[in-house]
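Notes follow once the structure below has been shown.
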Amino acid sequence: MKKICVLVSGGGTNLQALIDAEKSGIIKNGKITCVISSKEGAYALERAKNAGIGTVVIPRKKYADSKSYSEAILAELNRQGADLIVLAGFMVILDECVTKAYPYRIINVHPALIPSFCGEGFYGLKVHEKALEYGVKVSGATIHFVNEKADAGAIILQGAVDVANDETPESLQKKIMENVEWKLLPKAVSLFCEDRISIKDGKAYVDLKD
20 MKKICVLVSG GGTNLQALID AEKSGIIKNG KITCVISSKE GAYALERAKN AGIGTVVIPR
80 KKYADSKSYS EAILAELNRQ GADLIVLAGF MVILDECVTK AYPYRIINVH PALIPSFCGE
140 GFYGLKVHEK ALEYGVKVSG ATIHFVNEKA DAGAIILQGA VDVANDETPE SLQKKIMENV
200 EWKLLPKAVS LFCEDRISIK DGKAYVDLKD
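The sequence shown maps to residues 20 to 229 in the numbering used here.
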């Protein structure tokens with residue numbers, strides 16, 4: 020059984036999707052053992068406590084720079100014995116000391132179809148605002164491994180939704196969350212825990228057969 024540590028900063032809707040998926044048996048051979056928050060009082064911590072999951076708060080504001088903060092996160096991940104780390108609305112860019120310690124063991128959700136609307140500065144509603152400004156007809160989310168560059172790690176899964184003519188950034192965000200993120204993130208986590216993701220030449224290959 021692989022130990023899953025989830026890193027959060029806010030409300031924790033993706034965390035809830037993972038908790039629900041674990042309870043329903045969608046996530047196989049994996050268990051969420053710890054939730055780490057970059058903010059005190061994040062509602063995601065309540066979600067974790069309600070599910071009986073241990074929590075740790077490591078406030079970003081108490082650290083002078085990204086490197087010192089990342090070193091604190093890394094130390095906690097090592098203490099937890101994490102097999103897989105999931106960034107679920109974690110609003111901090113981690114230093115390479117973390118990504119190099121856990122290569123192909125950190126998963127993130129990006130709310131667009133990478134390589135579109137991604138990289139530094141593309142997060143939250145900004146992603147959907149830019150997608151709508153461009154006039155895209157489909158958008159979606161990408162589940163990918165995290166490496167030293169923002170949103171540049173190997174893609175695990177992607178899913179798309181149609182963009183309506185009267186779409187707003189808020190409605191598109193909700194549509195992508197409900198139809199893609201909350202479904203594909205647990206699926207990707209289970210694939211990892213079942214050892215059904217292989218890496219070749221920097222690309223992720225997924226065994227999707229049941």
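Ideal Cβ positions, reconstructed from N, Cα and C, are used throughout, including at glycine.
- If you draw a straight line from the Cα of I125 to the Cα of I104, it is about 5 Å long.
- Of all alpha-carbon atoms in G138, A36 and K222, the one lying nearest the alpha-carbon of P122 is that of K222.
- Where D214 is concerned, there is no enclosing alpha helix (DSSP H), because DSSP gives it neither an H nor an E.
- Counted as a single uninterrupted DSSP element, the beta strand (DSSP E) harbouring K222 occupies residues K222 to V225.
- Rounded to the nearest angstrom, the Cβ distance from P134 to V146 is 13 Å, too far for a contact under 8 Å.
- For the pair G71 and D214, the Cα-to-Cα distance works out to about 26 Å.
- Collapsing the DSSP output to three states places A36 in a helix.
- Note that the C-beta distance between V128 and G159 is not below 8 Å.
- Comparing C-alpha distances from S28 to each of D185, S43, Y62 and A101 shows the shortest one belongs to Y62.
- Contact annotation, L64 with T74: C-beta distance approximately 5 Å; criterion of less than 8 Å satisfied.
- Contact annotation: I112 and A91 have beta-carbon atoms that are not nearer than 8 Å.
- Across the set M196, L176 and C137, the C-alpha of L176 shows the shortest separation from the C-alpha of S217.
- Distances from the alpha-carbon of N69 to those of F109, K42 and K58 put K42 closest.
- Within the same chain, I55, L106 and F109 come within 6 Å of L26 by CB-CB distance, once the 5 residues on both sides are set aside.
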